[in-house]
Amino acid sequence: GEIGLAGEVEFRNVSFKYPDASEYILHNISFTAHKGETVAFIGSTGSGKSTLINLIPRFYDATEGEVLVDGVNVKNYTQEALHNKLGYVSQKAILFSGTVSSNVAYGDIGENSKNETAIRKAVEIAQGTEFIEKMEGQYEGSIAQGGTNLSGGQKQRLSIARAIYKNPEIYLFDDSFSALDYRTDRVLRSLIKKEIKEATKLIVAQRIGTIKDADRIIVLDEGKIAGIGTHDEL
Ligand code: ATP
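Counted the way our numbering counts, the sequence shown spans residues 493 to 726.
Listed below in structure tokens is the structure:
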């Protein structure tokens, strides 16, 4: 990939209210996540963590202020260019009817362009190898629409594998580890740290353990930054 800026996310005095709403959900948010950093967001339910993350892929646009990726306002990217930089993992895993492989390599055009080695590697980092190898058909095994034949934690691991397979400059994990048991969560986090060094990671978390070793933790309270620091500082 590129060197230098690639992977930087900056919020500059961002305030946000949902279209047609009167109340602001985010108030004057400013921070920078530098290339390769892990920045975590915590705060009580409804404090605005998901809303903040969602401004980066432009699910919504900032009402005031600027959201910048690599120094450029997200509004000035083509949708494709912006999305190519981002690996977004939502709160609720989204799976499609198809094979395990096609779900991980989702977005790659055509069967021939799927990189089987990269699929296995992504699944391995996402802690999915064991359950997939137990499935009938394994990587060519079927996933039902919505992943109804999988557990919540298995679905999350496949969604995470999909983001890893994409090899983005910036990962956006919106509470993506919530359905994982403690051990899987811990192993997955250490593998992400070890194997995905270059990329910037923004992580919304409920469990403090998930973000213990983040470079920076941003505490949100009613849409305002109530604190920034490391786990030990806060
Ligand atoms: P949680 O930890 O429960 O996921 P959160 O910190 O991620 O919470 P958000 O999901 O960002 O919080 O919600 C912040 C506020 O925005 C809440 O008051 C919520 O009701 C409101 N909100 C979220 N999505 C929408 C929407 N699409 N339209 C209007 N209001 C919304």
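All C-beta atoms in this analysis are idealised placements derived from N, C-alpha and C, irrespective of residue type, glycine included.
How is the beta strand (DSSP E) around residue i delimited, first residue to last?
| i | result |
| --- | --- |
| I695 | 692-696 |
| F508 | 501-508 |
| S522 | 518-525 |
| K704 | No beta strand (DSSP E) contains K704, which DSSP labels as neither H nor E. |
| T530 | 530-534 |
By alpha-carbon positions, which one of the options ends up nearest to residue i?
| i | options | result |
| --- | --- | --- |
| F523 | T530, P511, F503, S542 | F503 |
| F588 | V506, G638, S634 | G638 |
| S643 | I611, I586, R654 | I586 |
| A498 | A573, R681, E661 | E661 |
| S582 | I534, D562, A655 | A655 |
| I611 | G719, A653, V679, Q571 | A653 |
| S539 | H723, Q630, A718 | A718 |
| G563 | T555, L574, S670 | L574 |
| E500 | V559, T722, Q630 | V559 |
| I521 | F508, D512, A513 | F508 |
| I710 | G701, T702, L726 | L726 |
| N659 | R681, K689, S536 | K689 |
| T609 | Q571, S593, F623 | S593 |
| T640 | K686, G590, V506, Y510 | G590 |
| N505 | D512, G701, N565, S536 | N565 |
State the start and end residues of the unbroken alpha helix (DSSP H) segment that holds residue i.
| i | result |
| --- | --- |
| E556 | No alpha helix (DSSP H) contains E556, which is instead part of the beta strand (DSSP E) from 556-561. |
| L574 | 571-577 |
| K716 | Premise fails: K716 lies in the beta strand (DSSP E), 716-721, not in any alpha helix (DSSP H). |
| I541 | Reading off the sequence, residue 541 comes out as Lys, not Ile. Element bounds for K541: 541-546. |
Hey, is residue i close to the ligand NAD, as in C-beta under 7 Å from one of its heavy atoms?
| i | result |
| --- | --- |
| R675 | This structure does not include the ligand NAD; its bound ligands are the ligand ATP. |
**Prompt:** Do the region 693-702 and the region 666-677 meet, that is, are 3 or more Cβ pairs less than 8 Å apart?
**Reply:** Between the region 693-702 and the region 666-677 there are three or more C-beta pairs closer than 8 Å, enough to call the two in contact.
**Prompt:** Which ranges does the beta strand (DSSP E) cover as unbroken runs of at least 3 residues, wholly within the region 597-684, from first to last along the chain?
**Reply:** For the region 597-684, whole beta strand (DSSP E) runs of length 3 or above, ordered along the chain, are 662-666.
**Request:** Decide if the region 711-720 is in contact with the region 504-522; the criterion is three or more beta carbon pairs, one per stretch, under 8 Å apart.
**Result:** yes
**Prompt:** Any chance the region 529-549 sits against the region 577-584, with 3 or more Cβ pairs inside 8 Å?
**Reply:** yes
**Item:** Residues with C-beta closer than 5 Å to any heavy atom of the ligand ATP, in chain order
**Value:** My final list is Y510, I517, T537, G538, S539, G540, K541, S542, T543.
**Prompt:** Three or more C-beta pairs closer than 8 Å, one from the region 610-622 and one from the region 634-652: is that the case here?
**Reply:** With a cut-off of 8 Å on Cβ pairs, the region 610-622 is in contact with the region 634-652, counting three or more such pairs.
**Request:** Taking 8 Å as the threshold, find out whether the region 679-695 comes into contact with the region 527-535 through three or more Cβ pairs.
**Result:** Here the region 679-695 makes contact with the region 527-535; the two share three or more CB pairs at distances below 8 Å.
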